[in-house]
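S.K.: Quick note on UniProt numbering: the sequence shown kicks off at 1 and runs consecutively. Glycine included, each C-beta is placed from N, C-alpha and C at the ideal position. Being a predicted model, the structure only gives us computed values, none of them experimental.
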Amino acid sequence: MPVKCRNIFSIIEEMAPLSLAESWDNAGLQVGDPDAGVERILLALDVSLDVAREAKEKSAGLIVCHHPLLLNPLKSVGFDRPEGKLIAYLIKNGITVYAAHTNLDAAAGGVSAVLAEKLGLGSTSVLHRTGRERYYKLAVFVPAGYEDAVRNALSEAGAGWIGNYSHCTFMCAGTGTFRPLPGARPFIGRTGETELVNEIRLETLVPAGILKKAVLAMLEAHPYEEVAYDLYPLENEGPAYGPGRVGALEEPLPLIRFAEKVKAALGLPAVRLGGLPGSTVRTVAVCGGAGAGFWPDALRAGADTIVTGDLKYHQAQEMLAAGLKFVDAGHYGTEAVILPALRSFIQDRCCKAGIDVEVLLSQTITDPFAYL
């Protein structure tokens, strides 16, 4: 049975909440009907006409991309221009497009986190912090005997997870009172009579990014017609988020060998490097895409080398003058690693939710550069 596109959006936003996106970004729905049903999804870094044709050929009604199709506002959609032709093709063929961009860059399991893992970095931290996860305390009152169902629903939605522990809650018993009025359909009690019910106060921690999902899961599992619950914004500092990661190699390597490691790990035909080939690489900053602007953050974090893409001539000179080595693995090369990870995440969540959908990786190469 086809799944609505918006349900897939919600799954992606568990991994990369839209709240993590930069203010200038345009993550989210780009083109199409969020309520359209799809059975196949195509993942790609970019949406080109060739990618759109691939989606049609493979009967994929949804393209999930990294780079937004509509990053910059369009003043017109002329079919005589490349972007107009692409939008027209997508609409004509009923293909919806959704982008996870800087929110996926900043996410805990996002682009740079996967890149750091591919390169074997350990004990990683955020390179350029743009914020911290916000939390809410959710307290809900449940009739005794139903607390397990509500607790499990909240945990499955992502609430009550602290470090390596799940299902983290606090419960205490008490007495709830209510009087059903005319028109009510009480789960317990009779209309016009005040009821005293043994209830459990169930409290748990909810990340702001999944608050709506957690509340909906709780309401669905709760037996009452009208659910009494409280939400408290907390001052607790959650994990930092932002683009880039910094970590240490398990064993130091000469720069030339480390560059070869990057090239092999990312399956690239070539990389550029800066620094003495025999100099030692110990602590590495990584940032998928165009992350050269974060090189001062890399130095402050104690990195001796940065791996990113799109380095400019004068940026490279500044890095070397400051004592920072670099490996330029290209914009495409440092971001393509996210697609298999994103596919695994979507497939896992769909499987748990009983959603039957096929997730495909685009075979269209959108890297504009070739190497001799």
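Which residue wins for smallest C-alpha separation from I346, given the options L205, V357 and A336?
M.R.: As a first step, residue 346 is located in the sequence shown; it is residue number 346 there, counting from the start. The option with the nearest alpha carbon to I346 is V357.
S.K.: Any idea if D297 is buried or exposed, counting beta-carbon neighbours within 10 angstroms, 16 or more meaning buried?
M.R.: Here the question's residue 297 lines up with position 297 in the sequence shown. That one is buried.
S.K.: Within a Cβ cutoff of 7 Å, which residues of the same chain sit near G28, ignoring the five residues on either side of it in sequence?
M.R.: Numbered from its first residue, the sequence shown carries residue 28 at position 28. Once the five neighbours on either side are set aside, the close Cβ partners of G28 are L18, Y98 and A99.
S.K.: Within the stretch 75–140, note down every full beta strand (DSSP E) run reaching 3 residues or more, in order along the chain.
M.R.: The qualifying runs are 96–99 and 121–126.
S.K.: Taking the alpha helix (DSSP H) that G333 falls in, what are its first and last residues?
M.R.: Walking along the sequence shown from the start, residue 333 turns up at place 333. Counting along the chain, the alpha helix (DSSP H) containing G333 begins and ends at H331 to E335.
S.K.: Enumerated in chain order, which unbroken segments of the alpha helix (DSSP H) with a length of 4 residues or greater are wholly contained in the stretch 137–164?
M.R.: Runs of the alpha helix (DSSP H) inside the stretch 137–164: 147–156.
S.K.: Between F258 and V281, which are expected to be in contact by the criterion C-beta below 8 Å, what is the C-beta distance as a whole number of angstroms?
M.R.: The residue labelled residue 258 in the question sits at position 258 within the sequence shown. The residue labelled residue 281 in the question sits at position 281 within the sequence shown. At roughly 4 Å, the Cβ-Cβ gap stays under 8 Å, so F258 and V281 are in contact.
S.K.: Taking the alpha-carbon positions, what's the E147 to P34 distance?
M.R.: Here residue 147 refers to the residue found at position 147 when the sequence shown is read from its first residue. Here residue 34 refers to the residue found at position 34 when the sequence shown is read from its first residue. E147 and P34: Cα-Cα distance of roughly 34 Å.
S.K.: Return the residue from the list I365, Y371, E203 and E22 that minimises the CA-CA distance to S48.
M.R.: Taking the sequence shown and counting its residues from 1, the one referred to as residue 48 is at position 48. The candidate whose alpha carbon is nearest that of S48 is I365.
S.K.: Can you tell me where the alpha helix (DSSP H) holding L273 begins and where it ends?
M.R.: To locate residue 273, count along the sequence shown from 1; it is residue 273. Run containing L273: none in the alpha helix (DSSP H); it sits in the beta strand (DSSP E), R272 to G274.
S.K.: Mapping DSSP to helix, strand and coil, what is L207?
M.R.: Position 207 of the sequence shown, counted from the start, is the residue given in the question as residue 207. Reading off the sequence shown, one finds Pro at residue 207, where the question assumed Leu. Here P207 sits in strand by DSSP.
S.K.: How far does the beta strand (DSSP E) with K325 in it reach, from first residue to last?
M.R.: Along the sequence shown, one-based indexing puts residue 325 at 325. Unbroken beta strand (DSSP E) run through K325: K325 to D328.
S.K.: Alpha carbon to alpha carbon, how far is K261 from V271?
M.R.: As a first step, residue 261 is located in the sequence shown; it is residue number 261 there, counting from the start. As a first step, residue 271 is located in the sequence shown; it is residue number 271 there, counting from the start. The straight-line gap from Cα to Cα measures roughly 10 Å.
S.K.: Could you check how far apart the C-beta atoms of L69 and V111 are, in whole angstroms? I think they sit under 8 Å.
M.R.: Working through the sequence shown from its first residue, we reach residue 69 at position 69. Working through the sequence shown from its first residue, we reach residue 111 at position 111. That belief does not hold up - the Cβ atoms of L69 and V111 are roughly 18 Å apart, past 8 Å.
S.K.: So the beta strand (DSSP E) M1 belongs to, where does it begin and stop?
M.R.: If you number the sequence shown from 1, residue 1 lands on position 1. Note, M1: premise wrong, no beta strand (DSSP E); not H, not E.
S.K.: Taking DSSP's pairing of strands, which residues face M171 in a bridge?
M.R.: Position 171 of the sequence shown holds residue 171. Looking at the DSSP assignment, M171 forms a beta bridge with L202.
S.K.: Using DSSP bridges, identify the partner residues of Y241.
M.R.: As a first step, residue 241 must be located in the sequence shown, where it is residue number 241. Answer is G131, bridged to Y241.
S.K.: Work out the CA separation of V142 and H67 for me, nearest whole Å.
M.R.: On the sequence shown, position 67 is the one that residue 67 refers to. On the sequence shown, position 142 is the one that residue 142 refers to. When rounded, the distance between both Cα atoms is 44 Å.
S.K.: Smallest Cα separation from H101: which of R53, L86, A44 and P252?
M.R.: For this step, residue 101 is matched to residue 101 along the sequence shown. The option with the nearest alpha carbon to H101 is A44.
S.K.: With DSSP as the reference, identify every bridge partner of C65, one or two as the case may be.
M.R.: For the purposes of this step, residue 65 is identified with residue 65 of the sequence shown, where counting begins at 1. DSSP lists A44 and A99 as partners of C65.
S.K.: Give the single residue among D50, E237 and H167 whose Cα lies nearest to the Cα of T204.
M.R.: The residue labelled residue 204 in the question sits at position 204 within the sequence shown. Of the listed residues, the one whose Cα sits closest to T204 is H167.
S.K.: Quick check on the DSSP output: the alpha helix (DSSP H) that includes Q363 runs from which residue to which?
M.R.: As a position in the sequence shown, residue 363 is number 363, starting the count at 1. Taken as a continuous stretch (DSSP letters only), Q363 belongs to no alpha helix (DSSP H), as it is neither H nor E.
S.K.: T169 and G160: beta carbons closer than 8 Å?
M.R.: Along the sequence shown, one-based indexing puts residue 169 at 169. Along the sequence shown, one-based indexing puts residue 160 at 160. In this structure, G160 lies closer than 8 Å to T169 by Cβ.
S.K.: Rounding to the nearest angstrom, what Cα-Cα distance links C287 and G94 in this structure?
M.R.: Position 287 of the sequence shown holds residue 287. Position 94 of the sequence shown holds residue 94. Spanning the two alpha carbons is a distance of roughly 34 Å.
S.K.: Using three-state DSSP, classify A52 as helix, strand or coil.
M.R.: For the purposes of this step, residue 52 is identified with residue 52 of the sequence shown, where counting begins at 1. In this structure, A52 counts as helix in the three-state DSSP scheme.
S.K.: Starting from Y229, follow the beta strand (DSSP E) in both directions and report where the run begins and ends.
M.R.: In the sequence shown, counting from the first residue as 1, residue 229 sits at position 229. Y229 to P233 is the extent of the beta strand (DSSP E) around Y229.
S.K.: May I ask you to report which of helix, strand or coil DSSP gives A259?
M.R.: Within the sequence shown, residue 259 is the residue found at index 259, counting from 1. Residue state, collapsed to three classes: helix.
S.K.: Taking the beta strand (DSSP E) that I306 falls in, what are its first and last residues?
M.R.: Here the question's residue 306 lines up with position 306 in the sequence shown. Per DSSP, I306 belongs to the beta strand (DSSP E) from T305 to T308.
S.K.: From the DSSP output, in three-state form, read off G293 for me.
M.R.: Taking the sequence shown and counting its residues from 1, one reaches residue 293 at position 293. Three-state result, G293: helix.
S.K.: Could you tell me the alpha carbon to alpha carbon distance between T194 and R179, rounded to whole angstroms?
M.R.: Here residue 194 refers to the residue found at position 194 when the sequence shown is read from its first residue. Here residue 179 refers to the residue found at position 179 when the sequence shown is read from its first residue. Each residue's alpha carbon lies about 4 Å from the other.
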